[in-house]
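Structure first, then comments.
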Amino acid sequence: MMSRLRLSGTALWSLALFVCLALVLLAPLLPWIAAFPRDLQLPLADWANLVLNPVFSTLQPLGRGFASGIDIPLRWLRDFLLFVPWPAFAFLLFLVALRMAGPGFAVFAMVTQIYIVAVGYWPQTMNTFAIVLLSLPPAILIGFALGAAGHRWPRLEGPLTALLDLMQTFPAFAYLIPLLIVFGFGPAAGMIASVIFAIPPMARNTIVGLREVPVVTLEAAVMSGATPTQLFWTAKLPAAARQLLVGVNQTTMASLSMVIIVAIIGGFNDIGWEVLSAMRSAELGRSLLAGVVIVALAVTLDRITRALATGSPNGVQLLPDRALAAVLGVVLCLAVVLRLALPGLDLLPPGVGFATAKALDAQLLDFVRWSDPVFSALRDALNYGVILPLRIGFAASASPMVWGFTLQPWMIAVYCIAIAGTALLLFRRPAWALLALFAGLVCYTGLAQFPWPCVVIIALLGAAQVRGLGLVAVVLIATLMILLSGMWQPFVQSLYLTAIAVSICVVIGGMIGIAAAENDRVSRIVRPISDTLQTLPQFVFLIPALMLFRVGEFTALIAIVLYAIVPPIRYVEHGLRGVPGHLTEAAVQMGANRWQLLRDVKLPLAGPAIRLGINQTIMYAISMLVIAALVGTRDLGQQVYVALGNANSGLGFVSGLSIALLAIIADRMLRKS
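Rendered as structure tokens:
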């Protein structure tokens, strides 16, 4: 039965290949195959505006009042944080870091605070900290309530998971458009966007934590006479506490990752606005100094909240926790009294940050000028050798303007023979042979010129085999919406940019992950680098890419790769290290060498973890599309950014939903495979 199903799948894909080949050959004769007819496109964005704009206008008075209410505690919190002398704040943070993560990290936390003061970004950092602190409680409470509801009523879990997927994959820029209309320009709209973006991690971890409570614990509580309410609060919740704290950690990092996005409409002098304004004015030194502040803040919050979740053994308990809390309170009160007694006291050094930024900016510009020939050559080689050919295809790339020569018939023949030969070499594995033929066809035409019916056929057939009719319906709705809205070309640009970035991440990240799994010294080197990359907000990755490669699609690709390379490293290492020892020992006893052991035993057994890593890589790459649009792309991310600039909620909704559906479809296909 399994062989029949396998044969049936091979036959279907073979038929799809012949249909796609026929469509490629017919595309020059039938223009509607090459490009979806404009006459059939519908003004979906305008229709969405007709529905959304009256709703937003109706909610506007309520939203503006709510924004004013939020603005009051936000400014109070910001003023209080700025009122506390920075040495007191740094000392309090030092004590907390010492208790939670140990002396090494406590010293790191103190050094970062001194750095922030030295470069002159203490007020901006406290403004950012105020936004994060105020957005965390509602995000945690709402996420916990949603997760608890999904656990309490299992029928809600499916729709809730779909809602969380949509919230997490819908571009943050697209959130800002309706929020800007309803709540107005200011930090309130940005903070609400931060809350929305930070809810899903808490909800997901709540569901997982409550689901994985040991049955023995529940049975003991029931036998003790616990009511359903008591069972939840006295048994389930304490048992799930560690997973809930992981949710708090992830929610904190999600909130912080919105810092620069919030700055776009925040009207707030925070560190995100500093980075954004420096990037816009091409002040590399200032953007780098401010980016390091965000990195320091992200690493500090991540380590403290992660230690809270995992119960880190590195923490030093100088005093009992209650006594430590009392000491923290006393230090804070003394700092406030000192500030009230000496109102003119200003401990912030003037002008250091500005002078440092100017000097660093000059040095960086010198480095950019000195290294420009190398990085320009690298950019041109990858642009003309990889990125452009994947977009316009081998047929169009073989031209005097791109590759420097004209395409000849014998070149086409050699290309076809090479693809056919590759497929013949893989004839024992029909799936790989078909993949080679499909890849050869796409590389010949280019993804941007690949007939749209072919993309739809491949997507529908893949969805049918992986998940069945449910995913087929989602794919069909998504492709129809993208085609009818006229978003096909931006969608294809997003698709090929994501494909290139994911391929680079999987190859390079996979190799690093294998090396880390096979060598403990490599693992110790890679782990802190991965930790740092994973805690960086998305905008920070644009700074080095923009500095070295200037504005352009290649710069966007580099930023996406830097952001998305961590999952394959982590999951490959985790999967390989998780292979049972008795299986590797058995293979060694049978005479397998190190390469055979890796290829034939470890990698196949680590397959589920590796697939999960590829899944997360795709999610990271797609989530970076809108951010990368700031440095020059023509994909769906650029459409979202244009919609934000024009306050076009309909365009933002359609393009943002297209990105979200692309991410959800990719997630569902890989999760089931």
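In this note's numbering, the protein residues as written are 104 to 776.
Note that CB positions come from ideal geometry on N, CA and C, so glycine has one too.
Here the structure is a predicted model, which means the values were calculated and not measured.
| CB contact flag (Leu586, Trp555, <8 angstroms) | Between Leu586 and Trp555, the CB-CB gap stays under 8 angstroms.
| query | Counting along the chain, where does the alpha helix (DSSP H) carrying Arg255 start and finish? | reply | Trp225 to Arg255 is the span of the alpha helix (DSSP H), which, as asked, contains Arg255.
| Relative to the C-alpha of Gly166, which residue among Phe288, Val578 and Gln719 is closest? | Taking only the C-alpha atoms, the option nearest Gly166 is Phe288.
| Who are the near neighbours of Ser588 in its chain, counting only those whose CB is closer than 6 angstroms to its CB and skipping five residues on each side? | Taken in chain order, the residues that qualify are Leu147 and Val757.
| Buried or exposed (CB count within 10 angstroms, at least 16 for buried), Pro476 | Pro476 sits exposed, since fewer than 16 C-beta atoms from the chains shown fall within 10 Å of its C-beta.
| task | Could you tell me the boundaries of the alpha helix (DSSP H) in which Pro146 lies? | result | That residue, Pro146, is in no alpha helix (DSSP H); it is neither H nor E in DSSP.
| message | Please report the distance separating the alpha-carbon of Pro331 from that of Leu665. | response | So the two alpha carbons sit approximately 47 angstroms from each other.
| At which residues does the alpha helix (DSSP H) containing Trp513 begin and terminate? | Where Trp513 is concerned, the enclosing alpha helix (DSSP H) stretches over Pro512 to Leu528.
| query | Does the separation of the CB atoms of Ser238 and Val298 fall below 8 angstroms? | reply | Their beta carbons are under 8 angstroms apart, which means Ser238 touches Val298 by this criterion.
| message | Would Ile672 and Ile615 be called neighbours here (beta carbons separated by less than 8 angstroms)? | response | The answer is yes: Cβ separation under 8 angstroms.
| Local Cβ density within 10 Å of Phe594, reported as buried at 16 or more and exposed below that | It counts as buried.
| If you drop the 5 nearest sequence neighbours on each side, which residues of the same chain put their C-beta closer than 7 angstroms to that of Ile295? | Excluding positions up to five away in sequence, the list reads Leu282 and Phe286.
| request: Rounded to whole angstroms, what's the CA-CA distance from Ile717 to Tyr599? Just pull it up for me. | output: Their backbone Cα atoms lie some 16 angstroms apart in a straight line.
| request: Use the C-beta contact count for Ser761: other C-beta atoms within 10 angstroms, 16 or more gives buried, fewer gives exposed. | output: Around the CB of Ser761, 16 or more other CB atoms lie within 10 Å, so the residue is classed as buried.
| request: With Gln641 as the anchor, note down where its alpha helix (DSSP H) starts and where it stops. | output: Segment: none, Gln641 is in no alpha helix (DSSP H) and carries neither H nor E.
| task | Spell out a yes or no on whether the stretch 339 to 354 and the stretch 310 to 329 are touching, meaning 3 or more CB-CB pairs, one atom from each, closer than 8 angstroms. | result | Between the stretch 339 to 354 and the stretch 310 to 329, the count of C-beta pairs closer than 8 angstroms reaches three or more; the two stretches touch.
| Is Trp189 near the ligand FMN, in the sense that its beta carbon is under 7 angstroms from a heavy atom of that ligand? | The ligand FMN is absent from the structure shown, which contains no ligands of any kind.
| request: Take Phe642 as the anchor and find which of Met727, Arg624, Ala410 and Glu656 has the nearest alpha-carbon. | output: Of Met727, Arg624, Ala410 and Glu656, the smallest CA-CA separation from Phe642 is found for Met727.
| task | Rounded to whole angstroms, what's the CA-CA distance from Arg624 to Leu153? Just pull it up for me. | result | Their backbone Cα atoms lie some 60 angstroms apart in a straight line.
| task | Could you pull the start and end residues of the alpha helix (DSSP H) that Leu216 belongs to? | result | Looking at the sequence provided, one finds Gln at residue 216 rather than Leu. Counting along the chain, the unbroken alpha helix (DSSP H) around Gln216 starts and ends at Pro206 to Ala221.
| said: To the nearest angstrom, how far is the alpha carbon of Gly543 from that of Trp473? | reply: The alpha-carbon atoms of Gly543 and Trp473 are separated by roughly 39 angstroms.
| message | Are the CB atoms of Thr228 and Leu400 within a distance shorter than 8 angstroms? | response | Yes. Within cutoff.
| query | Do the stretch 550 to 565 and the stretch 523 to 535 touch if we need at least three Cβ pairs shorter than 8 angstroms? | reply | Judged by Cβ distances under 8 angstroms, the stretch 550 to 565 makes no contact with the stretch 523 to 535, as fewer than three pairs qualify.
| task | Quick one: residues in its chain with C-beta nearer than 8 angstroms to the C-beta of Ile725, no 5 flanking neighbours on either side, listed in chain order? | result | Cβ contact annotation for Ile725 (same chain, cutoff 8 angstroms, sequence separation greater than five): Thr272, Ser597, Thr601, Ile762, Leu765, Ala766 and Ala769, in chain order.
| Does the stretch 212 to 220 come close enough to the stretch 386 to 404 to have 3 or more Cβ pairs within less than 8 angstroms? | Here the stretch 212 to 220 lies against the stretch 386 to 404, with 3 or more beta-carbon pairs under 8 angstroms apart.
| request: Could you tell me whether the stretch 250 to 270 touches the stretch 124 to 139, using the rule of 3 or more Cβ pairs below 8 angstroms? | output: Not touching, per the Cβ criterion.
| Own chain, CB closer than 6 angstroms to Ala324, minus 5 neighbours either side, in chain order | Cβ neighbours of Ala324 beyond the five flanking positions: Leu334 and Ala338.
| Cα-Cα separation between Arg702 and Cys519, rounded to whole angstroms | Computed Cα separation, rounded: 30 angstroms.
| task | Evaluate Arg109 with the Cβ neighbour count: other Cβ atoms within 10 Å of its Cβ, from every protein chain shown; 16 or more gives buried, anything less gives exposed. | result | Any reading at Arg109 is ruled out, since the residue's pLDDT is 44, under 50, leaving its predicted position unreliable.
| task | Check whether the Cβ atoms of Leu636 and Leu120 lie closer than 8 angstroms to each other. | result | Contact: no.
| field | Secondary structure of Met361, DSSP reduced to three states | value | Correct three-state label for Met361: coil.
| query | Are there 16 or more other CB atoms within 10 angstroms of the CB of Glu386, so buried, or fewer, so exposed? | reply | In the assembly as shown, Glu386 is a buried residue. Its beta-carbon has 16 or more other beta-carbons within 10 Å.
| query | To the nearest angstrom, how far is it from the Cα of Leu118 to the Cα of Leu540? | reply | About 12 angstroms.
| said: Once DSSP output is grouped into helix, strand and coil, what is the label at Pro303? | reply: For Pro303, the three-state secondary structure derived from DSSP is helix.
| field | Three-state secondary structure assigned by DSSP to Leu133 | value | Leu133: coil per DSSP, three-state reduction.
| field | alpha helix (DSSP H) segment containing Met590, residue limits | value | Element bounds for Met590: n/a, residue is neither H nor E.
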